[in-house]
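The structure appears right after this line, and notes come after that.
2 protein chains.
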Amino acid sequence: MNFGIAIFPSKKLQDLTNSYRKRYDAHYKLIPPHVTLKSTFTSTEEDIKRISTILKDISKAYEPFTLKVLKVSTFQPINNVIYLKIDPNEELVRLHEALHTEELGKEKPYTFIPHLTIGQNLSDKEMSDVLGQLTLMKFEHEEIIDRFHLLYQLDNGTWTVYETFLLGEDL
Amino acid sequence: MNFGIAIFPSKKLQDLTNSYRKRYDAHYKLIPPHVTLKSTFTSTEEDIKRISTILKDISKAYEPFTLKVLKVSTFQPINNVIYLKIDPNEELVRLHEALHTEELGKEKPYTFIPHLTIGQNLSDKEMSDVLGQLTLMKFEHEEIIDRFHLLYQLDNGTWTVYETFLLGEDL
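So the sequence lines, in the order shown, correspond to chains A and B.
Our numbering puts the first residue of the first sequence at 1, with every later residue one more than the last.
Our numbering puts the first residue of the second sequence at 172, with every later residue one more than the last.
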């Protein structure tokens, strides 16, 4: 079973991101706009309870933090993804690190560049058109993130939330 | 802002439901298969924190319970919805009641008939065809439900999870 860990930003930021994803991101229908904290990993339904316990401890140990959108950027020449770049501030980077330990799996398929995807699998022509439009626009936005989510993938490729973890909550 | 409260059943049951929803349910792309516990209600982002606190208390007071799929059924003649009927056992009915109090909003647009929608907005002809096929099939399934989710709706009609509540957890 495929699992992943992500942040859903505010409705406002999700709606903004979706207004681009609708046209430019084939994953638009599979998952709401999100910042990936841990890429797809496989686990069993049994083992996920152990992982959930670890995530609960991590979430308590880290405080809510500011998510800041910096600008529109791209992963070219690696791939034709356009995204909103998120400030890799210390809190976000430390949380990402905490989710890549021995017991949760250390493997990082990519260097951590926190982002909200707004387009992917674009042709070079589309890519350059879209990027041309968007780099003229200002994306200045800040908000507080106080939670992250553990999700699993259904057979049709969509993602369902398994559990939410609140940062800094000592229940 | 629109909110709702729902149960996501196991991946197995979601995948089964989606195999029908894909063809027969226009909401297929908006939300994973779910059992609605509280229909759409409006709230502000500020007030939802108060509601979240109430939901946490409710979730602690109710234990995990068995969700049992009984059969394929329909809301005809009210509307052309086909669904998997869920056994309205005492635990599920009591949880539903707990989510319809004075402080959470008592309004119930429908009598509570717990179900997993597999088709909706079908023509009478489609309805009778699909129902004819499905009533021949056995849907016997039981599983334990140990959580429910508070969700909010984005401008494009899709739903994002705000928070998960674990039943019977005394943290």
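Even for Gly, the Cβ is constructed at its ideal location relative to N, Cα and C.
Report all residues from its chain with a CB closer than 8 Å to the CB of residue i; omit the five preceding and five following residues, and keep chain order.
i	result
I51 (chain A)	F3, S43, L104 and L150
P88 (chain A)	F112, I113 and P114
L325 (chain B)	T331
R21 (chain A)	H27, Y28, P33, T117, I118 and G119
H100 (chain A)	K38, K106, E107 and K108
T74 (chain A)	N80, V81, I82, Y83, M127 and L131
D124 (chain A)	N80
M1 (chain A)	T42, S43, T44, E45, I48, Y152 and Q153
Can you tell me whether residue i is buried or exposed, with buried defined as 16 or more other CB within 10 angstroms of its CB?
i	result
M298 (chain B)	buried
I145 (chain A)	buried
A177 (chain B)	buried
L136 (chain A)	exposed
P248 (chain B)	exposed
S19 (chain A)	exposed
Y323 (chain B)	buried
T66 (chain A)	exposed
K182 (chain B)	buried
T158 (chain A)	buried
Taking only three categories from DSSP, how would you classify residue i?
i	result
V81 (chain A)	coil
I48 (chain A)	helix
I54 (chain A)	helix
S181 (chain B)	coil
L202 (chain A)	Past the boundaries of the shown model lies residue 202 (chain A); chain A is included only from 1 to 171, so the question cannot be answered.
V210 (chain B)	Note on identity: in this sequence residue 210 (chain B) is Ser, with Val being the wrong assignment. Of the three classes helix, strand and coil, the one that applies to S210 (chain B) here is strand, per DSSP.
Near residue i, what residues of its chain come up, given a Cβ to Cβ distance below 7 Å and the 5 sequence neighbours on each side ignored?
i	result
D196 (chain B)	T288, I289, G290 and Q291
P235 (chain B)	I315, I316, D317, L338 and G339
L226 (chain B)	L321 and F336
L201 (chain B)	G328, T329 and W330
H141 (chain A)	L13 and V69
F310 (chain B)	V240, K242, V243 and L255
R23 (chain A)	none
Rounded to whole angstroms, how far is the Cβ of residue i from the Cβ of residue j, which I believe are closer than 8 Å?
i	j	result
V35 (chain A)	I86 (chain A)	6 Å
E46 (chain A)	T335 (chain B)	About 19 Å; that fails the 8 Å criterion.
L84 (chain A)	V93 (chain A)	Incorrect: roughly 17 Å between the Cβ atoms, too far for contact.
Y177 (chain A)	E91 (chain A)	Residue numbering for chain A in the displayed model covers 1 to 171; residue 177 (chain A) lies beyond these limits and cannot be assessed.
I219 (chain B)	A269 (chain B)	In fact, because the Cβ distance is near 18 Å, the residues do not count as touching under 8 Å.
Within its chain, find whatever has a CB closer than 6 Å to the CB of residue i; leave out the 5 residues flanking it on each side and keep chain order.
i	result
T188 (chain B)	P204, L287 and I289
N80 (chain A)	L122 and M127
F179 (chain B)	P203 and H205
F212 (chain B)	F174 and G276
L134 (chain A)	V72
L70 (chain A)	K85 and D87
L266 (chain B)	Y233
- Message: Please give me, in chain order, every unbroken run of the alpha helix (DSSP H) with length at least 4 that falls completely inside the region 92-171 of chain A.
- Response: 124-134
- Just by C-beta distance, which residues in the region 176-189 of chain B are closer than 7 Å to chain D? Given the protein chain composition of this structure (A and B), no chain D is represented.
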